[in-house]
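Before any comments, here is the structure.
Residue numbers (the numbering used here), protein chains in the order written: chain A, 1 to 117; chain B, 118 to 232.
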């Protein structure tokens, strides 16, 4: 089973509007973290925002916010006031808890966001 | 501040040739290090991770190998490249022993094309 599912291969949004990128996850571990990364066409992976499984409040970081619904196992990224520079691939990722150094991320397949002027 | 360097940025290699991609991290000690591969239009797949010098864990069986000869150096290698090894390779690091909210920080990646 997919651990991270991003059901939107591509999204369009008008400049200055808000957009929501969907992410659902699957884990039986009570301790986990959810991350969103942005990948522009140049290829680098840019960390945007983090949500912990025990966090009581939704994470926010500037124009980025995370709509965390734990019971539904969803962690959607909301970008407010879209800018042309927001056009990129967006990846949702999860790190499950436990001991040891693995702490690697499991990534979804990504959503390509295009911001239109 | 911490920085991560990855090279080369692009590489074109013939099938059957060897490979060596290098990644170094500055400004931190004993980082957790990771190699990911990204196929075109896809998400990232973890290949290897390391929690210390000489300690390598493999996630996916393949003809690639990794080594960590120094604390902040992580090398991805192959003796004989296959066509299926084409892709975008990303190195990442993370602070060890910190809370689960610590993100991984990625290098700029190497775009590898096998001919």
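C-beta atoms are modelled at their ideal positions from N, C-alpha and C, and glycine is treated no differently. Keep in mind that this is a model prediction, so the values were computed, not measured.
Going by beta carbons, residue 5 of chain A and residue 27 of chain A fall outside the 7 Å limit. In the displayed model, residue 109 of chain A falls within coil according to three-state DSSP, outside both helix and strand. Looking from the CA of residue 199 of chain B, the closest CA among B/134, B/210, B/118 belongs to B/134.
Within chain A, the residues 35, 47, 50 have their CB atoms less than 7 Å from the CB of residue 220 of chain B, given in chain order. The alpha-carbon of residue 232 of chain B is positioned some 17 Å away from that of residue 181 of chain B. Not flagged as an interface residue toward chain A: residue 191 of chain B, since no C-beta distance is shorter than 7 Å. At a cut-off of 7 Å between beta carbons, residue 61 of chain A makes no contact with chain B. Only 205, 207, 211, 213, 217 from the region 196-217 of chain B bring a Cβ to less than 7 Å from some Cβ of chain A. Exclusion of the five residues before and after residue 148 of chain B leaves 142, 210 as the residues of its chain whose Cβ lies within less than 6 Å of its Cβ. Straight across, the Cα-Cα distance linking residue 31 of chain A with residue 151 of chain B is about 21 Å. Rounded to whole angstroms, the separation of the alpha carbons of residue 208 of chain B and residue 120 of chain B is 12 Å. With respect to chain B, the C-beta atom of residue 88 of chain A has no partner C-beta closer than 7 Å.
Counting the other CB atoms within 10 Å of its CB gives residue 172 of chain B a total below 16, which places it among the exposed residues. Residue 170 of chain B: not part of any beta strand (DSSP E); DSSP gives it neither H nor E. Burial check for residue 84 of chain A: the Cβ neighbour count within 10 Å stays below 16, so the residue is exposed. For the pair of segments examined, the region 31-45 of chain A was found to touch the region 87-94 of chain A: the number of CB pairs separated by less than 8 Å reaches three.
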